[in-house]
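A.B. asks:
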Amino acid sequence: MEQPRNTLLKLGLQESEVDVYLAMFAGARTASDVIKTTGRSRPTVYYAISALERRGLLSKTGLAEPSMWRVEPVSRLQTIVAERQSELDALRDEVTALNSIVTKQPDGDHRPQVSFYEGVTAVRSVIMEAVYCHGRHIDSIVPKQNFFWQFGEEFVTHYVSTRNRLGVRTRNLWAEKIDPGIIQNYYQRSEIRMMPADFGGKFRTTVFMYDTNVLYISSLPSGYALLVTSVEHHEMMSAMYDVIWAASAAT
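Each residue of the sequence shown is one higher than the one before, starting from 39 at the first, in the working numbering.
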């Protein structure tokens with residue numbers, strides 16, 4: 039029962055609510071049944087039952103005493119997921135609006151902003167932040183040995199699914215060819231070209247270009263990222279990118 043318990047806790051249920059829900063799911067119908075099964079106190083059980091009723095996960099059956107409850111279809115949990123996703127989407131929009139206020143430069147102020155991120159968690163966060171780019175487009179330069187493939191498939195899957203959900207398109211310059219299966223699984227909304235052979239194996243840093251940002255992502259062993267927010271720097275890197283793109287071969 040460890041996996042269902044962990045899932046319910048991730049959905050925001052309290053420990054006591056999880057105990058009661060699982061007890062009812064296993065066949066308990068009254069508060070007394072739950073108390074015997076879980077060892078929880080009567081006030082705690084009744085409080086948890088009320089909370090689960092408000093969430094729409096339990097419902098009372100009839101008016102007879104003692105009161106009896108039944109577990110609603112497990113699909114109701116999807117409603118909680120949808121509500122949390124809606125809250126996260128709204129929060130993301132608020133953060134985006136806040137970011138535009140905080141980072142807005144006075145007229146005539148073209149100073150770049152440079153941010154350094156160290157450690158795997160920080161690097162992952164700034165990579166995921168890039169997916170929410172305003173322009174819904176990312177240009178990338180990718181070495182064969184890069185942070186994504188070194189970190190593992192779970193992160194790549196999460197990144198790509200988020201990118202696809204948001205409708206972000208990409209152009210990708212690769213230093214070396216990779217497994218065609220990876221292209222099929224992760225690059226359906228992408229254009230891919232192979233850089234001239236002279237580039238192969240000579241660098242380990244991945245580069246993302248989006249909006250007015252250029253993000254440099256080290257290999258996993260180095261574990262850092264450098265984000266440069268600058269119109270001029272982005273223009274220069276984009277111009278260089280277009281030259282390399284034109285000289286590169288389509289896959």
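Glycine residues also receive a C-beta, built at the ideal position from the N, C-alpha and C atoms.
List the whole-angstrom C-beta distance separating Thr267 from Thr243, where the pair is believed to meet the contact cut-off of C-beta under 8 Å.
C.D. replies: Actually they do not touch by this definition, with Cβ atoms about 18 Å apart.
A.B. asks: Starting from the Cα of Val206, find the closest Cα among Arg114, Glu55, Ala168, Ser257 and give me that residue.
C.D. replies: Answer by Cα proximity: Ala168.
A.B. asks: With C-beta atoms as the reference, is Met106 less than 8 Å away from Arg67?
C.D. replies: Yes, they are a contact pair.
A.B. asks: First and last residue of the alpha helix (DSSP H) that includes Leu36?
C.D. replies: It is not possible to answer for residue 36, since the shown part of the chain is limited to 39 through 289.
A.B. asks: When you compare only the Cα positions, how much space is there between Arg114 and Phe63?
C.D. replies: The straight-line gap from Cα to Cα measures roughly 13 Å.
A.B. asks: From Ser88 to Glu125, what distance separates their C-alpha atoms?
C.D. replies: Going by the C-alpha atoms only, they are around 23 Å apart.
A.B. asks: Could you check the C-alpha separation between Gln188 and Phe241 for me, to the nearest Å?
C.D. replies: If I take the Cα positions, the gap works out to 15 Å.
A.B. asks: Is there contact between the segment 260 to 279 and the segment 194 to 205, where contact requires at least three CB pairs shorter than 8 Å?
C.D. replies: Touching, no, given that fewer than three Cβ pairs across the two stretches are closer than 8 Å.
A.B. asks: Note down the Cα distance separating Leu49 from Arg203, rounded to an integer number of angstroms.
C.D. replies: Taking the straight line joining both Cα atoms gives about 21 Å.
A.B. asks: Using the C-alpha atoms, what's the distance from Val158 back to Asp280?
C.D. replies: Near 30 Å, if we compare the C-alpha coordinates of Val158 and Asp280.
A.B. asks: Would you identify the three-state DSSP class for Arg203, choosing helix, strand or coil?
C.D. replies: Reduced to three states, the DSSP call for Arg203 is helix.
A.B. asks: Where does Phe246 land, buried or exposed, given buried means 16+ other C-beta within 10 angstroms?
C.D. replies: With 16 or more Cβ atoms within 10 Å of its Cβ, Phe246 is classed as buried.
A.B. asks: So, with DSSP's three-state summary, where would you put Tyr155?
C.D. replies: If DSSP states are grouped into helix, strand and coil, Tyr155 belongs with the strands.
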